[in-house]
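In order, the protein sequences belong to chains A and L. For the first sequence, position 334 matches number 334 in the numbering used here, and the numbering has no gaps at all. The number in the numbering used here is simply the position in the second sequence, starting from 1, with 346 added. Think of the CB as a built atom: it goes at the ideal place given N, C-alpha and C, for glycine as much as any other residue. In this text, all values refer to a predicted model and were calculated from it rather than measured experimentally.
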Amino acid sequence: MNGLWSDRKRLWLLLAYAGASAALFAAPLYLSDFRLNLLAKFLAFAIVALGLDLLWGYTGVLSLGHGVFFGLGAYAMGMHLKLNASGGKLPDFMDWSGLTRLPWFWQPFKSFPAAVLLGILIPALLALFLGFFTFRNRIKGVYFTILTQALVIIVTTLFVGQQAYTGGTNGLTGFTKLLGSPLRSDGMKSALYLATVIALIAAYALCRYLTTSRMGKVLRAIRDGENRVRFLGYDPATYQMATFAVSGALAGLAGMLFVLHVGIISPSMMGIVPSIEMILWVAIGGTRHADRRLDRRARPELCEERVVGGVPGDLDDFPGRALHRRDGLPARRHRRFDPQGSRKRS
Amino acid sequence: MAMWITQLFNGLSVSSILLLIALGLSVTFGLMGVINMAHGEFIMIGSYAAYLTQNAFKELLPGRMFDAYFPVALAASFLVAFAIGYLLELLLIRHLYGRPLDSLLATWGVGLVLQQIARSIFGAPNVAVNSPSWLNGGLHVMDGIDLPYKRLFILALVAVCLAAMYLYINRSHSGRRMRAVMQNREMAACLGISTRRVDGMTFAIGSGIAGIAGCALTLIGPIGPNIGTYYIVDAFMVVVLGGVGKLIGTVLGALGIGVFNTMFEWWSTASLGKVFVFLCIVAFLQWKPKGLFAVRTRQLD
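Structural data, given as structure tokens:
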């Protein structure tokens, strides 16, 4: 009975996914150019949101720094387009700032595959770098969040300050063509839109795969009780680092698509405010995707678990503690033992 | 030599402002585990309170009384920020305890609302507050070194605030209750301390100190609705570096960040200096993940 019901549910879910994908793929047929462009932009944002959800919803790590990863991807693609538009000469802003030749670190961005690859790899590596130095030392929760926010400030100041290399406050714009064909043509717009849809579906599939695999189980376990996972022999830092890197890479991918649709990237699009807005998409849009719904449902449990886990050590002999600590009962059941409710703080 | 001393003094000056801002943050963060993203807006509230006091003195009192406005402005900034902080705790923060990340987003929203309110009332452009004439000029130490009275005054103000805070936390009854709640909330509650009242009071005091910081900032430059956002991230870094729950940690954190920031910016450029400071902080946290001073507890999760 139960199995049948879940089979039917899965069928409906599959149908819904298929319907949504079909509607997205067919959008160029029934939407005007303007709206298509808008939709494409939103879909690019959805990719960031997916990555953030993977990180926040499944590992409980809140990053306020995804604007940076988004921006790095966007700058990678933007620089490729800019170099393309300048046609072998120096981009105009470098010329104004007195550079005579292209700096070495922008050289690889002349080729399209390299730019795409770097646009994903650089954010992932930066995330891995920051994750390596934080998660391994068990710097987590709000400390990590504050560090990511500082990262945003620093990277934006750096991009504004190094005008000769990054275009300063104005950022990069004035793109003309991609892979030889003009960016503003109708065919190109539809192609870019479809590429975004495919990227979004691929990103969704990746997140889905990660969360339903064993890794997803470990991630949720880390979220609910990091120390318990550690005692079971897992290394939470590795999982968190990997998730952070994947999440950063998705943000980079989204940034690249964003630049292709919008045609400009500047430091103000990677600053503190956009970064927090990204978090808000995930926080508010919680009920849309199946993954997010799961996450929503799990969140209150997570909080309870934290408070329960936070019963101070000085109460070691307190009888309630033995009940609280009963090997990993789901948080909800604790309340039955503890009629006061473990959530009450005072 | 003169250059070095000037830079060091600048560093100290930056540190003192950071310290004033971080003081309130570290107390609310340490006590309640709430990240108050609206803290910067309490600075703004303090600045505008000083601005209003100045205007009131200009309009209502004879000109020779004008210089006396600053002490009144200090008190007004503290009280206004204190009251609004208490209200915010009562209406919003109280319902978000135990959810640090949610409280972060909610207070960020509050910050936006406060900024917009300020923009609607006072307008988007910056407004200037005239410093009292007794703070103009500077102390001439030697050739090439002039220490402005304003900066010296801020240093003294910070010292006074710090001393008052120390006395309050360590010598007063309500400070003792605060320490008890910070060390072990459940046990303090069991012993009959109203943790709610302590939370509200602490949050209000933290906000009030931010208000004083805002008043001090009017001496340095013009003020605007966004004034808080310039300082808030650095202030958070001070808290992370110094560790929560101990005043001395906040003091050393502020000194470290202020002085190193000034030095690095002197040696390189302003944007690269910040990168170096960030790298230093991350490197430092490798050694002490909980910051310079952390209150030891036996809590695990």
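Chain A contact residues for residue 582/L, given Cβ-Cβ distances below 8 Å: 146, 149 and 150
Look at the alpha carbon of residue 84/A and the alpha carbon of residue 178/A, and state the distance between them as a whole number of angstroms. 8 Å
What's the C-alpha gap between residue 544/L and residue 431/L? 13 Å
At a CB-CB cut-off below 9 Å, which residues of chain A make contact with residue 381/L? 142, 145 and 146
Using a C-beta to C-beta distance shorter than 8 Å, which residues of chain A count as neighbours of residue 624/L? 150, 151 and 154
Suppose you measure from the CA of residue 51/A to the CA of residue 484/L; what does that come to, to the nearest Å? 54 Å
Minimum Cβ-Cβ distance from residue 295/A to chain L less than 8 Å: Reliability of the predicted coordinates at residue 295/A is poor, the pLDDT of 37 falling under 50, and no value is obtained from them.
Just to confirm before moving on: does the CB-CB distance between residue 438/L and residue 283/A stay below 8 Å? no
With residue 95/A as the anchor, note down where its beta strand (DSSP E) starts and where it stops. From DSSP, residue 95/A is part of no beta strand (DSSP E) but of the alpha helix (DSSP H) over 92-96.
So which of 88/A, 211/A and 21/A has the shortest CA-CA distance to residue 107/A? 88/A
When you compare the region 355-366 of chain L with the region 502-512 of chain L, are there three or more beta-carbon pairs, one atom per stretch, that lie closer than 8 Å? yes
Just the Cα atoms here: how many angstroms apart are residue 16/A and residue 186/A? 29 Å
Going by alpha carbons, who is nearest to residue 577/L out of 593/L, 568/L and 559/L? 559/L
Status (buried if at least 16 other CB within 10 Å, exposed otherwise) for residue 53/A: buried
Spatial neighbours of residue 436/L within its chain, please: C-beta separation below 8 Å, excluding the five flanking residues on both sides. 546
Would you list the one or two residues that DSSP bridges to residue 181/A? 178/A
To the nearest angstrom, report how far apart residue 171/A and residue 81/A are at their CA atoms. 13 Å
Quick check: the region 578-595 of chain L against the region 467-474 of chain L, are there 3 or more CB pairs under 8 Å? no
Rounded to a whole number of angstroms, what is the C-alpha to C-alpha distance between residue 216/A and residue 57/A? 11 Å
What residue from 270/A, 212/A and 252/A has the CA that sits closest to residue 126/A's CA? 252/A
Between residue 599/L and residue 638/L, which are expected to be in contact by the criterion C-beta below 8 Å, what is the C-beta distance as a whole number of angstroms? 6 Å
Between the region 240-260 of chain A and the region 71-81 of chain A, do three or more beta carbon pairs fall short of 8 Å? yes
Would residue 292/A count as contacting chain L if we go by Cβ distances under 8 Å? At residue 292/A, the pLDDT of 41 sits below 50, so the modelled position is not reliable; the number obtained from the coordinates is stated separately. Answer no: the Cβ-Cβ gap between residue 292/A and chain L never drops below 8 Å.
Please classify residue 213/A as buried or exposed, where buried requires at least 16 neighbouring CB atoms within 10 angstroms. exposed
For the ligand FMN, any of its heavy atoms closer than 7 Å to the Cβ of residue 401/L? Absence of the ligand FMN from the depicted structure is noted, as is the absence of any ligand whatsoever, leaving it without description.
Within its chain, find whatever has a CB closer than 8 Å to the CB of residue 428/L; leave out the 5 residues flanking it on each side and keep chain order. 550, 551, 553, 554 and 557
Using beta carbons (cut-off 8 Å, strictly below), is residue 632/L in contact with chain A? yes
If the criterion is Cβ atoms closer than 8 Å, does the pair residue 27/A and residue 193/A meet it? yes
Please report whether the beta-carbon of residue 162/A lies at a distance below 8 Å from any beta-carbon of chain L. yes
Can you check the region 20-65 of chain A for any alpha helix (DSSP H) of at least 4 residues that lies completely inside it and give the ranges in chain order? 27-30 and 33-59
Going along chain L, which residues have a C-beta under 7 Å from residue 276/A? 454
Amino acids of chain B, ordered along the chain, whose beta-carbon sits closer than 7 Å to that of residue 283/A: This model lacks chain B altogether, as its protein chains are A and L.
Check whether the Cβ atoms of residue 133/A and residue 628/L lie closer than 8 Å to each other. yes
For residue 473/L: DSSP bridge partner residues: 569/L
Relative to the C-alpha of residue 197/A, which residue among 36/A, 8/A and 9/A is closest? 36/A
Taking 8 Å as the CB-CB limit, is residue 459/L close to chain A? no
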